[in-house]
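> Count the sequence shown with our numbering and you get residues 1 to 776, in order.
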Amino acid sequence: MANPLIIVESPAKAKTLGRFLGGKYEIRASMGHVRDLPKSTLGIDIEHAFKPEYVTIPGKESTIKELKAAAKGASEILLASDPDREGEAIAWHLAHVLHLKDPRRIELHEITPSAVEKALNALRPMNQDLVDAQQARRVIDRLVGYKLSPLLWKKIRKGLSAGRVQSVAVRLVVEREEEIEKFVAVESWTLDAMLSKLDLPGRIFAARLLSKQGNEEKLELKEEAQVRDVMAQLEGASYKVLSIETKDSTRNAPPPYKTSTLQQDASNRLRMKPNRTMSLAQQLYEGIELGTEGPVGLITYMRTDSFRISDDASTAARHFITESYGPTYARRDKVEFKAKGPVQDAHEAIRPTDVERTPDSVRAFLTPDQLRLYRLIWQRFTASQMTAARFAQTRVDIGAADYVFRANGSVLVFDGFYRVWERDTDNDEERELPALAVDEPLNLQELKPEQHFTQPPPRYTEASLIKALEELGVGRPSTFAPTVEVIQTRHYVKQEERRLSPTELGKTVNGWLVEHFPDIVDVSFTAGMEEELDDVEEGRRKWVPIVREFYKPFSKTLTKAEGTARVKVPMRETGEDCPKCKEEGRNGRLVYRMSRLGEFIGCSLYPECDYIKGREGQEKAPPPEPTGEICPTCGKPLVKRTGKRGPFVACSGYPKCRYVKREIDPADIVADRVCPKCGKPLLNRKGRFGSFVGCTGYPDCRYIEGGKRTVTPPAPSELLMDDPCPRCGKPQVLRQGRYGEFKSCSDYPTCKPERAARTSARPRGARAKKPTVPAA
């Protein structure tokens with residue numbers, strides 16, 4: 001008798017399920033999406049309800065053929081792609097290509113034997129609302145990408161892109177930089193009295209000047225002269241205790257992780273980039289080989305906006321805590337954590353599938369980064385089920401002359417959840433005061449004035465930008481990490497010492513979008529769009545009217561923007577003269593310029609002067625600069641070096657570790673898609689058998705579209721041409737080839753005219769930079 005067929009996205013997930021289900025089921029992987037919008041054309045029938053024109057992804061023909069063959073002999077077909085919008089869309093496309101009349105879904109929130117058995121007993125039909133929400137997002141993002149990006153190419157520079165979420169993220173970074181530039185520091189002072197008991201002169205504690213006696217309003221010290229005047233009154237004054245207040249306080253455990261908080265903590269605590277975090281979390285979710293146990297899913301599904309955990313997980317955790325640390329550390333009852341703002345609550349919080357699998361028990365089977373992330377998730381979940389930490393707090397007011405000083409003390413009485421969760425010592429420092437009594441006289445050891453200046457708002461880090469996006473309602477758990485990655489890959493934003501700042505290109509593009517497409521970069525508009533997509537997912541609205549409401553004003557704005565003038569990206573000066581121009585009698589200045597590899601310093605008189613700072617033979621390369629990133633191979637810091645081809649990022653452990661971070665040409669990024677396996681941006685690449693689409697996370701993620709001996713046509717470099725294809729009548733597009741621009745049918749490779757009309761005057765075989773001049 002034939003076995004049922006289960007289709008999942010990845011081989012790792014298939015392998016883990018295969019161990020649980022033995023020979024009872026046949027399990028195959030689709031390797032992500034099998035259908036999508038075409039890359040060479042818009043792929044949306046705007047005139048007919050924005051109907052998407054889905055095509056088989058190049059290279060997926062063999063996968064579909066294998067799945068059809070497996071399905072033909074199966075007694076039942078079950079679709080087990082991830083339990084979210086993207087996973088539902090993958091299942092929907094699989095149902096279409098396999099001609100399934102009544103597709104059945106398995107919803108796996110964790111991959112463990114009990115969870116799989118439970119899911120098999122709770123099969124559900126396809127959720128069309130989830131599919132429609134994904135289609136709406138895909139269609140809107142395609143309209144923005146394919147309509148707006150070519151306009152950016154014409155008005156600013158080729159290779160640029162715009163997107164609903166990424167453009168808002170860039171705007172946040174740009175506006176934060178503007179706040180910093182406009183900030184004016186304000187001077188202020190504090191005055192601390194270093195005091196001691198009369199009989200304990202060596203036990204010194206600090207008390208800060210608070211106010212004048214009889215006046216509860218805080219005393220503000222604005223300038224040094226004022227501080228000196230106060231100090232003159234206090235130098236010979238008598239100090240005594242006015243009042244003592246003691247109280248017990250508690251600090252509750254933080255909730256378990258959701259996607260955004262995991263990305264933030266992994267960035268802050270582990271120095272791990274959001275995309276790296278999600279890639280590792282995917283591996284932990286899909287299954288890790290645990291010796292004789294085989295592959296086991298170690299954590300629950302990692303794309304969630306909920307703090308909710310199951311009753312069984314809470315009970316198991318509290319039992320483990322009681323056995324491991326004692327009954328005083330375990331909560332008596334399950335605690336419910338509430339999230340701020342609207343929550344889809346489709347999945348549990350991120351937690352270990354089995355709390356008994358401590359980080360130390362699986363250490364031998366995990367890579368260093370997998371172990372670090374698993375430890376963080378395990379500790380956070382375990383801590384969330386533990387009792388509060390208790391502190392004894394003391395507040396002492398001290399009088400001197402007409403002034404009041406205040407000393408605060410705090411002592412940890414019971415560590416509670418801190419038994420497993422590391423304390424933030426910067427914000428949670430213990431300060432124990434000596435035993436004091438009201439009216440007790442004190443010795444003044446020293447008065448310590450200190451000058452302060454108000455600080456500008458800090459630049460965003462990757463973690464704080466994700467937090468801001470979430471708080472503003474821009475994007476969803478699946479989009480945070482790709483958004484932060486793509487704005488850097490596109491060179492709109494750069495990261496220095498783990499802080500994000502806009503490039504001149506980012507400022508220029510943002511300024512142009514704010515002027516001509518205010519809705520695209522408007523926070524409230526984008527957040528409202530996310531809520532409308534949530535309404536589609538919940539079945540409250542249909543997706544086509546939402547797209548129509550967006551596209552009508554967007555189309556009018558596009559037409560209006562076509563008539564605007566071209567914008568030049570300004571060159572920011574370094575304040576230095578060009579050394580080459582100085583030697584040759586020119587007035588060149590060194591400026592920050594932009595290439596496909598990012599910013600570099602070159603001469604303002606280019607192409608007349610080709611000087612590049614740091615180029616071999618011109619000057620000694622600068623010492624390596626820290627990047628704030630960690631080498632994924634060995635864990636040592638990554639540094640920025642300068643070689644003969646310009647700057648690059650590599651491991652500081654060279655030559656023992658030869659890791660080099662691969663730089664990506666922003667023009668090669670697929671504008672409106674991410675890798676279905678790890679969430680990183682997809683990249684147009686070229687191999688020995690032609691073009692294909694691959695993941696930017698390679699080699700950690702080896703997802704590709706376009707297999708051996710397949711050719712993926714390049715995306716149009718400009719808008720559609722006016723003249724139709726002479727062979728099939730479809731629109732022609734202007735493409736960029738190795739010998740220049742040429743016209744070609746938009747239906748390529750289905751339609752292959754014998755020879756495309758070349759618009760470049762450059763002859764075949766000529767070099768792009770230095771044409772060969774024939775001898776006279």
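Each residue gets a CB set at the ideal place from its N, CA and C atoms; glycine is no exception.
Looking only at its chain, what residues have a beta carbon closer than 8 Å to the beta carbon of I601, apart from the 5 residues adjacent to it on each side?
Cβ within range, chain order: T574, L590, V591, Y592, R593, I612, K613, G614.
> Roughly how many whole angstroms lie between the Cα atoms of D577 and K560?
Cα-Cα distance, rounded: 42 Å.
> Counting only the same chain and skipping the five closest in sequence on each side, list residues whose C-beta sits under 6 Å from that of E53.
For E53, where only same-chain residues beyond five positions count, the Cβ hits under 6 Å are G43.
> Which residue spans inside the region 216–260 form an unbroken beta strand (DSSP E) run of at least 3?
Entirely contained in the region 216–260, the beta strand (DSSP E) runs reaching 3 residues are, in chain order, 239–251.
> Going residue by residue through the region 490–564, where are the continuous alpha helix (DSSP H) segments of at least 4 residues, counting only ones entirely within it?
Within the region 490–564, the complete alpha helix (DSSP H) runs of at least 4 residues are 504–516, 523–537, 543–562.
> Let me know if T454 comes out buried or exposed under the rule of 16 or more other beta-carbons within 10 Å of its beta-carbon.
Exposed is the call here.
> Could you check if E187 is buried or exposed, using at least 16 other CB atoms within 10 Å of its CB as the buried criterion?
Burial call: exposed.
> Mind checking Q134: buried by the 16 CB within 10 Å criterion, or exposed?
Flag for Q134 reads buried.
> Among all the DSSP beta bridges, which residues are the ones paired with H452?
Answer is S188, bridged to H452.
> Reducing DSSP to helix, strand and coil, say where V97 ends up.
Of the three classes helix, strand and coil, the one that applies to V97 here is helix, per DSSP.
> Should E107 and S267 be called a contact, given that it needs their Cβ atoms to be closer than 8 Å?
Not closer than 8 Å, so no.
> Which same chain residues, not among the five before or five after G73, have their C-beta less than 6 Å away from its C-beta?
Closer than 6 Å at the Cβ level, and outside the excluded window around G73, lie A2.
> Taking only three categories from DSSP, how would you classify V139?
It is helical.
> Any idea what DSSP makes of L198, helix, strand or coil?
Coil at L198, not helix or strand.
> Please report the straight-line C-alpha distance between Q264 and M278, rounded to a whole angstrom.
Taking the straight line joining both Cα atoms gives about 11 Å.
> Residues in its own chain within less than 6 Å of P255 by CB, not counting five upstream and five downstream?
Same-chain partners within the cutoff: F307, F337, S384.
> In chain order, which beta strand (DSSP E) runs of at least 3 residues are fully inside the region 21–74?
Fully enclosed beta strand (DSSP E) runs of 3 or longer: 26–29.
> Considering only C-alpha positions, which residue in the set D45, E549, K155 is nearest to G563?
Considering only alpha carbons, the answer is K155.
> Entirely within the region 363–451 and at least 3 residues each: give me those beta strand (DSSP E) ranges in chain order.
Within the region 363–451, the complete beta strand (DSSP E) runs of at least 3 residues are 389–400, 403–414.
> Should the region 547–555 be regarded as contacting the region 136–143, the criterion being three or more beta carbon pairs within less than 8 Å?
Taking 8 Å as the limit for Cβ pairs, the verdict is that the region 136–143 does touch the region 547–555.
> Between the C-alpha atoms of D439 and V411, what's the straight-line distance to the nearest angstrom?
Using only the alpha carbons, I get a separation of about 23 Å.
> Within 8 Å, do at least three Cβ pairs link the region 309–321 to the region 482–495?
No, the region 482–495 does not touch the region 309–321.
> Just verifying my parser: in three-state terms, what is the DSSP assignment at S267?
In the structure shown, S267 sits in a helix (DSSP, three-state: H, G or I).
> In its own chain, which residues sit with a C-beta less than 6 Å from the C-beta of R104, not counting the 5 before and 5 after it?
Same-chain partners within the cutoff: L78, L123.
> Go through its chain and collect everything with a Cβ distance to G780's Cβ below 6 Å, but skip five positions before and after it.
The first residue shown for the chain is 1 and the last is 776, placing residue 780 beyond what the model contains.
> Pick helix, strand or coil for T574, following the three-state DSSP scheme.
Correct three-state label for T574: strand.
> Kindly indicate the opening and closing residues of the beta strand (DSSP E) around I6.
Segment 5–8, the beta strand (DSSP E) holding I6.
> Hey, out of L373, E608, L505, K568, whose CA is closest to G585's CA?
Ranking the options by Cα distance to G585, first place goes to E608.
> Given this structure, state the Cα-to-Cα distance separating F365 from P352, to the nearest angstrom.
For F365 and P352, the distance between alpha carbons rounds to 16 Å.
> Between C725 and the rest of its own chain, which residues show a CB-CB distance below 8 Å, the 5 nearest in sequence each way excluded?
Only P731, Q732, C745, S746, D747, C751, P753 meet the Cβ criterion.
> Could you check which residue in E629, M126, R164, H109 has the C-alpha nearest to that of A136?
Here the closest residue by C-alpha is R164.
> I need the DSSP call for G473, collapsed to helix, strand or coil.
In this structure, G473 counts as coil in the three-state DSSP scheme.
> Work out the CA separation of K158 and L605 for me, nearest whole Å.
In a straight line, the C-alpha of L605 is about 21 Å away from that of K158.
> Based on DSSP bridge pairs, tell me the residues matched to C651.
Answer is L638.
> Please return the same chain residues whose Cβ sits closer than 7 Å to the Cβ of N252, not counting the five positions on each side in sequence.
Around N252: A388.
> Whose C-beta lies closer than 6 Å to the C-beta of A14 among residues of the same chain, with five residues either side of it excluded?
The answer, listed in chain order, is V8, I27, A29.
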